[in-house]
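First the structure, in the form of structure tokens, and then the observations on it.
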Amino acid sequence: MRRSLLLRLLGLSLAVASLAVAATALLATYGTGTQLREQAESSPSLLETDASIRDALLTYARDHGDWSGVHGLVRELAAETGRRIALTTPDGSTIADSAELLGQGAAELPSVPAARIDAADPGAQVAQIHSEFARAIDPQLILAHRGWRLTEQEQRHRQELAEQALECLREQDGGGGPDPSGQGPVEYDPADGSIVVTYNWLFGSAGGGGDPGPHASECVPPEMYAPSAAARELNEETVALTAACLDREGIAYRLAADAAGVQAVEPVDGSDQAPRWAECESSAQRAALRPLVAEPADLYLGTSDRFDAFSPQGWWRTAATALAVLAAAAVVTVLAGRRLVRPILALTEAAQRMAAGDRAARVPVTGGDEVTRLGTAFNAMAESIESSDRQRKALVSDVAHELRTPLANVRSHLEAAEDGVVPLDRALIASLLEESALLERLVADLQDLALADAGMLRVHPEERDAADLAAQAVAAHRARAEESGVTVAVDAPEPVPVHADPARLRQALGNLVSNAVRHTPSGGTVRVSARRTADGAVLTVADSGSGIGAEHLPHIFDRFYRADPSRTRATGGGGLGLAITRHLVEAHHGRVEVASTPGSGSVFTIHLPDARHLDGRPD
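Per full-length UniProt numbering: the sequence shown = residues 1 to 619.
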């Protein structure tokens, strides 16, 4: 039963129905989840989260010359925020995608990026500073000193200065600390006891300016908030580019420097109000930063596609729906499957009958679907097998008869000569030679047919004159034709070049001429003609004999088929000549046809293609 087609169809239908139910539930759940996520993405808290992600990536871009190491940061931010974070180049190539990094599947990105991360854009307002923390014995006091792209040597030096400043501040603070309102390079937060040293990474000035307070000025040396070597080089390049731009625009300015040597471009007499002042500043900053920071990148943000396909409250509804769908699918499959299986069972039964020897087994055919066409093909195959079986039996019978008759004649003549009944004279020898020639011709014909059936009938074509070959075939049968009172003539006034095997083509023409002479009464005529056509050559053998009935024409080239069932030497023939002729002509890529009118004679026509049309064909 497990191999039953109906059961397999039923199982397939139920599997498809189950997948359909599951897919519908998943899509419905996903659609609901998408709506909820869209609502959540518009909340203020999520907007703050997205801003923090943007700031973190912008900070990374300013601290690094490329995006090669951003994957760890993207993975960390995505894990902390639950957001899908993807960075691509402006042309769409992926730099990093948290969906791939966290194994969540790389869904299609939104059509519009959430932001452009360009660290060289002066409009990107985010603090671009490194933070190094020196923690004292008291964990509540933390000193953060900052600088842009500090070298390892600079970091170690500032760490030492930070530890010294922290110790000095703790000794002089006495619990009060610096002025809480101070907004200088040292700021004091009484809430957690932290001391922060700030630094503007671009121009090297103290964050916010102002007096750092008495304790800070005593304990914190200027080196703590001095620019790093990288920041100093950037400052010099920015100032130089800004000055060059202002010079080109003819805008007045002056250069100023602080105690740390950080330069600044300052306006003269309100020149900063000129329209090009801000443009020069921004273009200079962008040009100075571009080779030092990462290339611009597009930021895509979304919610990770994690959702529960089946909630605990709704699983029973899904199960009930699935059962209903499966039941309907089962009923439809059984009804449709029985109609499909019924003709297949009939085909199986007919095939089993044929295998058991019933060559008449057929299946009823109705309709026009695929199974009907299968039944039609089976019936055609069965008809062909039955016909081949009949031909096989007829072949065995005919071969046995054709061999038995001359062998019996040879044996009877030899026995008579042995017994002295018939003298072993020239006439007896001639009769025995005739019977031997008949046997040899029959065996040769059978060999040719066997070669043709095996696809091994080979020809060796060459350029010859078909008119000359026709004359040779007629000359070979002229003596026998004269004995029968039949006139044989050749009609080929001009040479007819052909690309053919001369021996095989003479054999084919000879078979046709022999057949025509055999079926033409005394006083009749057999005419062989050859002519040239546009696409090759045409050879015809026409006789004025008895003709062939229309019912025999479709089978005239079948082996051992005789329109005249007589087996006499005069007209019976062996039934192989025309079959061999067809194979020989087809071996030359040609065709042979017959037209006949009973009582008026027959015309056999051989069409041979031009040699130019045989390029690429096997011989």
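From the three backbone atoms N, C-alpha and C, an ideal C-beta is built for every residue, glycine too.
*Report, in whole angstroms, the separation of the C-beta atoms of residue 596 and residue 553, which I expect to be a contact under 8 Å.*
7 Å
*Is the region 491-501 in contact with the region 461-480, if contact means three or more CB pairs nearer than 8 Å?*
yes
*Please work out which residues of its chain come closer than 8 Å, Cβ to Cβ, to residue 283, disregarding the five sequence neighbours upstream and downstream, and give them in chain order.*
241 and 245
_Distance between beta carbons of residue 363 and residue 347, contact taken as under 8 Å_ = 6 Å
*State the CB to CB distance for the pair residue 268 and residue 255, rounded to an integer number of angstroms; the pair is presumed to be in contact (CB under 8 Å).*
With 8 Å as the limit, residue 268 and residue 255 do not qualify as a contact, their Cβ atoms being about 11 Å apart.
*What residue range is occupied by the uninterrupted beta strand (DSSP E) comprising residue 85?*
83-88
*Return the chain-ordered ranges of every beta strand (DSSP E) run that is complete within the region 398-484 and spans a minimum of 3 residues.*
462-465
*In terms of alpha-carbon separation, which member of 159, 227, 398 and 583 lies closest to residue 261?*
227
*Evaluate residue 45 with the Cβ neighbour count: other Cβ atoms within 10 Å of its Cβ, from every protein chain shown; 16 or more gives buried, anything less gives exposed.*
exposed
_On the criterion of 16 or more Cβ atoms from any shown chain inside 10 Å, does residue 19 qualify as buried, or is it exposed?_
exposed
*Euclidean distance between Cα positions of residue 599 and residue 515*: 16 Å
*Helix, strand or coil: how does DSSP classify residue 24 here?*
helix
*Express the C-alpha separation of residue 438 and residue 376 in angstroms, rounding to a whole number.*
It is roughly 44 Å from the alpha-carbon of residue 376 to the alpha-carbon of residue 438.
*Burial state of residue 343 (16 or more Cβ within 10 Å)*: buried
_Given this structure, state the Cα-to-Cα distance separating residue 288 from residue 276, to the nearest angstrom._
About 18 Å.
*Around the Cβ of residue 221, are there at least 16 other Cβ atoms within 10 angstroms (buried) or fewer (exposed)?*
exposed
_Reduced DSSP secondary structure (H/G/I, E/B, other) of residue 64_ = The answer is coil: DSSP assigns residue 64 none of H, G, I, E or B.
*From residue 499 to residue 428, what does the alpha carbon distance come to, in whole angstroms?*
44 Å
_Going by beta-carbon coordinates alone, are residue 413 and residue 432 separated by less than 7 Å?_
yes
*Taking three-plus beta-carbon pairs below 8 Å as touching, is the region 88-105 in contact with the region 320-340?*
no
*Proximity to residue 594 [Cα-Cα], best of 609, 333, 464 and 550*: Closest by alpha carbon: 550.
*By DSSP, does residue 593 sit in helix, in strand, or in coil?*
strand
_So, with DSSP's three-state summary, where would you put residue 94?_
strand
_Which same chain residues end up closer than 8 Å to residue 509 when comparing Cβ atoms and leaving out the 5 residues on each side of it in sequence?_
469, 470, 473, 528, 539, 541 and 606
*Output the distance between the C-alpha atoms of residue 631 and residue 460, rounded to the nearest integer angstrom.*
Residue 631 lies beyond the range of the chain shown here (1 to 619); nothing can be said about it.
*Buried or exposed for residue 406, please, with buried defined as at least 16 other CB atoms from any protein chain shown within 10 angstroms of its CB.*
buried
*Using three-state DSSP, classify residue 519 as helix, strand or coil.*
Shown here, residue 519 sits in coil according to DSSP, grouped into three states, outside any helix or strand.
*Cβ distance (whole Å) where residue 302 is taken to contact residue 122 below 8 Å*: Actually they do not touch by this definition, with Cβ atoms about 29 Å apart.
_Same chain only: Cβ atoms within 6 Å of residue 504, ignoring 5 sequence neighbours per side_ = 459 and 584
*Runs of beta strand (DSSP E) lying entirely within the region 488-539, each at least 3 residues, in chain order*: 497-500 and 525-533
_DSSP three-state label for residue 100, please._
Residue 100 falls in the helix class under three-state DSSP.
_Please report the distance separating the alpha-carbon of residue 374 from that of residue 349._
14 Å
*Identify, in the order they occur along the chain, each residue of the same chain with its Cβ nearer than 8 Å to the Cβ of residue 620, setting aside the five sequence neighbours on each side.*
There is simply no residue 620 to check, as the chain begins at 1 and stops at 619 in what is shown.
*Residue nearest to residue 59 in terms of C-alpha spacing, selected from 118, 424 and 451*: 118
*Bridge-paired residues (DSSP) for residue 605*: 540 and 593
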